[in-house]
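Let me begin by presenting the structure, written as structure tokens, before commenting on it.
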Amino acid sequence: MARVDVLMPQMGESIAEGTLSKWLKKVGDEVKRDEPLFEISTDKVDAEIPAPSAGVLAEIKVQEGQTVPVQTLVAVLETDKTATVTAAPSAAAQRAPAASGAAVPVAVPPPAPAPAAAPPVPRPPSPVPATPKADGAETAEDRLRKKSTPLVRKIAAEHRVDISTIPGSGFAGRVTKQDILGFIERAPAGAPPVPGTRYPVPTTGPIEHPGAEPWPGDRVEPWSKIRKITADHMIMSRRASAHVASFFEVDFTRVAQLRAKAAVKPTFLAFIVKACADNLRKHPVVNAAVSGDSTIYRADINIGIAVALDWGLIVPVIKKADALSLTGIARAIADLGERARTKKLLPDDIQRGTFTITNPGGFGPYAGIPIINQPQVAILGVGSIEKRPKVVTLPDGSDTIAIRTMGMLTMSYDHRIVDGADADRFLADVKKMLQEFPEGAV
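Numbering of the sequence shown is given in my numbering, commencing with residue -12 and proceeding in unit increments.
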């Protein structure tokens, strides 16, 4: 009888833990190799995890909703189909912490749970501090502590806080979101600044979502991890950036004519991505990021495409989009969208974006004002593209009303570094390219 351990995978170098969001098989089910076994949620992405081997799901060690460190034993497969399965979770699994608590490796017996009425007590940092190796290289504990989660690193960068100076209550002394927000809040008023630290203005602080009382008959549905991350990210973005928006009406008739003649029709979105990619290099401040009181001008043009899913919003990224043809961009959009919907995205697929495009127009709105995807400084919203009456000027100078394929582009931008003239020049160039799209580009 062969036993195969199923471990919590590491979905990216900076990922230290994952939440087991859903089991796709139950104890006693037969599983094929590479067949989806369970779903996980991390700070980066939701994904289906395949079975490492064919067999029978004999034991489940981690229950749905629990958050555990990477490499934690989550289940056991038996390759002998006659093996006895364990329907109930093991004692170790029953003692595993809840998703909202600090995760403990399976190999280490976890502490007994605190009484329900008592407030949670954060675990202290690792008793033995991680020390660099003799050659100066960082240990795994050092890297884990400094990397923390992307959200913690963003908060630290925003307030210029050195993460290594904060006592961490997470796994291996890792600094959690609660740790860094508590550290920022506890900064005494009028105190001299700690080296490397910028204390927040009064409008900043922990992100809270005021609650409403449910009424009889209401249905209360807790947020998924991706919904919670999105909610926090949107509020943080509104706090961080001075949002301003510009609206440009675009005549897509030329694009519609090119699509009608093409054997394989690229979407309108593909044309828009191509126009943005080809013009961002001319307007580098729109492809930039803010770092304290400095501007980072990105060398790469990596365009994120917002994808609406049944369980939330995710933004996969087309890397080096300016190097791709229109056909290449169309293929990338289709590939990333399909993998987002089937939970096949990897953490790298949603990182290192420099500019974002969201396309709510597919649902019918005339226009919208999107929120900037931090740490970027601009996001383009695409309204519905449809035939409308339009005043056009004929070659002889006279005006007439014609039926044209029209659409609205809205760009929100961070007025700290992007002036209105910068944004409008960029949008004007995008509009010009879309209205005069070259024949050979399709």
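Even glycine gets a Cβ: it sits at the ideal position worked out from N, Cα and C.
Let me confirm a value: residue i is counted as buried when at least 16 other C-beta atoms fall within 10 Å, else exposed. Which label applies?
i           : result
residue 270 : buried
residue 6   : buried
residue 362 : buried
residue 353 : exposed
residue 203 : exposed
residue 253 : buried
residue 48  : buried
residue 207 : exposed
residue 4   : buried
residue 329 : exposed
residue 381 : exposed
residue 441 : Summary: the structure shown does not reach residue 441, with the chain confined to residues -12 through 429, and so no result is reported for it.
residue 200 : exposed
residue 475 : The first residue shown for the chain is -12 and the last is 429, placing residue 475 beyond what the model contains.
Which value, in whole angstroms, describes the spacing of the CA atoms of residue i and residue j?
i           : j           : result
residue -4  : residue 42  : 19 Å
residue 256 : residue 409 : 23 Å
residue 318 : residue 348 : 20 Å
residue 279 : residue 350 : 37 Å
residue 250 : residue 429 : 10 Å
residue 385 : residue 258 : 30 Å
residue 143 : residue 313 : 39 Å
residue 430 : residue 383 : Outside the modelled stretch of the chain, which goes from -12 to 429, sits residue 430, for which no answer is possible.
residue 371 : residue 393 : 8 Å
residue 197 : residue 282 : 34 Å
residue 334 : residue 32  : 6 Å
residue 62  : residue 229 : 47 Å
residue 45  : residue 13  : 9 Å
residue 23  : residue -11 : 20 Å
residue 195 : residue 27  : 25 Å
residue 219 : residue 25  : 26 Å
Looking only at its own chain, which residues have a Cβ that is under 7 Å from the Cβ of residue i, when we skip the five neighbours before and after it?
i           : result
residue 413 : 266, 270 and 273
residue 341 : 274, 285, 287, 288, 289 and 363
residue 145 : 227
residue 262 : 417, 420 and 421
residue 153 : 162, 166, 167 and 170
residue 299 : 211, 213, 214 and 217
residue 40  : -9, 20, 64 and 66
Using a Cβ-Cβ cutoff of less than 8 Å, which residues in the same chain neighbour residue i once the five nearest sequence positions on both sides are dropped?
i           : result
residue 260 : 290, 292, 305, 308, 316, 320 and 344
residue 426 : 245
residue 232 : 356, 397, 398, 399 and 400
residue 326 : 303, 332 and 336
Identify every residue that forms a DSSP beta bridge with residue i.
i           : result
residue 203 : Per DSSP, none; premise fails for residue 203.
residue 387 : 379
residue 350 : Partner(s): none; residue 350 has no beta bridge.
residue 6   : 28 and 54
residue 363 : 276
residue 423 : The partner list for residue 423 (beta bridge, DSSP) is empty, contrary to what the question assumes.
residue 230 : 401
For residue i, which residues of its own chain have a beta-carbon under 6 Å away from its beta-carbon, when the five flanking residues on both sides are left out?
i           : result
residue 21  : 37
residue 57  : -5 and -3
residue 411 : 233
Item to complete: State whether the stretch 230 to 239 contacts the stretch 317 to 330, with contact taken as three or more CB pairs (one from each stretch) at a distance under 8 Å.
Response: no
Worksheet item: Is the stretch 8 to 25 in contact with the stretch 42 to 57, if contact means three or more CB pairs nearer than 8 Å?
Response: yes
Worksheet item: Does the stretch 365 to 380 touch the stretch 332 to 339, meaning 3 or more C-beta pairs lie closer than 8 Å?
Response: no
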